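Student:
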Amino acid sequence: MIEYETAEGLVAVRLTEVEAYAGTVDAASHAYRGPTRRNAVMFGPPGYAYVYFTYGMHFCVNLVCASSGTAAAVLVRAGQVIEGADVAGARRARDSTAGTSTARTSTARTSTARDSTAGSSAARTSAARNGTAVERDLARGPARLCQALAIDAALNGADVCDPASPLRARTGERVPRRVIRSGPRTGVRGAAEVPWRFWVAGEPTVSPYRAHVPRARARPGTASTPR
DNA sequence: CGTCGGATAATCT
DNA sequence: GATTATCCGACGA
355 MIEYETAEGL
365 VAVRLTEVEA
375 YAGTVDAASH
385 AYRGPTRRNA
395 VMFGPPGYAY
405 VYFTYGMHFC
415 VNLVCASSGT
425 AAAVLVRAGQ
435 VIEGADVAGA
445 RRARDSTAGT
455 STARTSTART
465 STARDSTAGS
475 SAARTSAARN
485 GTAVERDLAR
495 GPARLCQALA
505 IDAALNGADV
515 CDPASPLRAR
525 TGERVPRRVI
535 RSGPRTGVRG
545 AAEVPWRFWV
555 AGEPTVSPYR
565 AHVPRARARP
575 GTASTPR
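Residues 355 to 581, numbered by the working numbering, are exactly what the first sequence covers, in order.
Given below as structure tokens:
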């Protein structure tokens, strides 16, 4: 489990999906080419958060795993929000509507209905609230998880093993070995065949797998000059 | 359901 | 200047 406590409240996530990165010997790792300013935390002692910013808009969080000098870390990819779903949902709604026309979200005030755990298939009432899907997607993916927890660059280097730290990793219920699956890591270019993505079978909060897609950006010279 | 392209800025060469 | 450990909305079936 990973949890973060702020003035807005506590949000706790039970992890269902992670990815391992092996540092300088792993072509998929940010540490592959040696220490830099960005990956410095990974080369430090274990038990700290390595937070990076990517695609110009997203944060992702790793937990550093090996002792100083070895840049091994685990990317926290997805999980189930088990506490503070209302806070997490408000953050997600806020952030995703940043660019759209609708600035105010009607769901912000009535988000107390998070009781559903039984087999009720109710939900998709009309267009207003589709609570089930929203709840499932709260932390489904590394950037969404950071959004739900409000993790940003300020938390890079945070001590996640200190119980007094606002951001902390905690041991939860043990997952039986046989329900853990593994496969290639998501969206990475180098060492894509290495099966170091791990997830809990059958969990709806596990993010969909996506292979790396090389993205050739629009031509620098042509884009800005309409004619 | 599925695939496709745009957004957007820190980081490294 | 190119690339990116991503997400979202649009569009087609």
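Just so it is clear, CB atoms sit at the ideal spot from N, CA and C, and this is done for glycine as well.
Computed from a predicted structure; not experimentally measured.
1. Just to confirm my understanding: we take LEU369, look at its own chain, exclude 5 residues before and 5 after, and list those with CB closer than 7 angstroms. What are they?
2. Run through the DSSP bridge pairs and tell me what LEU369 is partnered with.
3. Do you know how far the Cα of HIS412 is from the Cα of ALA577?
4. Are the beta-carbon atoms belonging to MET396 and ALA447 less than 9 angstroms from one another?
5. Under 8 angstroms by Cβ, that's how I've got GLY541 and ARG564 pegged, so tell me the actual separation to the nearest angstrom.
6. Only counting the same chain, and skipping five residues up and downstream in sequence, which positions put a Cβ closer than 7 angstroms to that of VAL365?
7. So for LEU492, helix, strand or coil by DSSP?
8. If you draw a straight line from the C-alpha of ALA545 to the C-alpha of PRO517, how long is it?
9. Using only the alpha-carbon positions, how far apart do VAL560 and ALA497 sit?
10. Starting from the C-beta of SER536, find all residues in its chain whose C-beta is less than 6 angstroms away, skip the five residues before and the five after it, and write them out in chain order.
11. Tell me, please, which residues DSSP counts as bridged to GLU592.
12. Work out the CA separation of VAL418 and ASN510 for me, nearest whole Å.
13. For ALA403 versus LEU521, is the C-beta spacing smaller than 9 angstroms?
14. Tell me which same chain residues have a C-beta within less than 8 angstroms of the C-beta of SER422, skipping the five on either side of it?
15. Along the chain, where does the alpha helix (DSSP H) that runs through ARG446 open and close?
Tutor: Concretely, from the data shown:
1. MET355, ILE356, VAL430 and GLY433
2. GLY433
3. For ALA577, the predicted model reports a pLDDT of 40, less than 50, meaning its position is unreliable and no value from the coordinates is stated.
4. no
5. Rounded to the nearest angstrom, the Cβ distance from GLY541 to ARG564 is 6 angstroms, consistent with a contact under 8 angstroms.
6. GLU357, TYR358, VAL435, GLU437, GLY438, VAL441, ALA442, ALA502 and LEU503
7. coil
8. 35 angstroms
9. 13 angstroms
10. Closer than 6 angstroms at the Cβ level, and outside the excluded window around SER536, lie PRO549 and PHE552.
11. Missing from the structure shown is residue 592; the chain here goes from 355 to 581 and no further.
12. 11 angstroms
13. yes
14. Answer for SER422: PHE397, GLY398 and PRO399, listed in chain order.
15. Run containing ARG446: 439-450, per the alpha helix (DSSP H) assignment.
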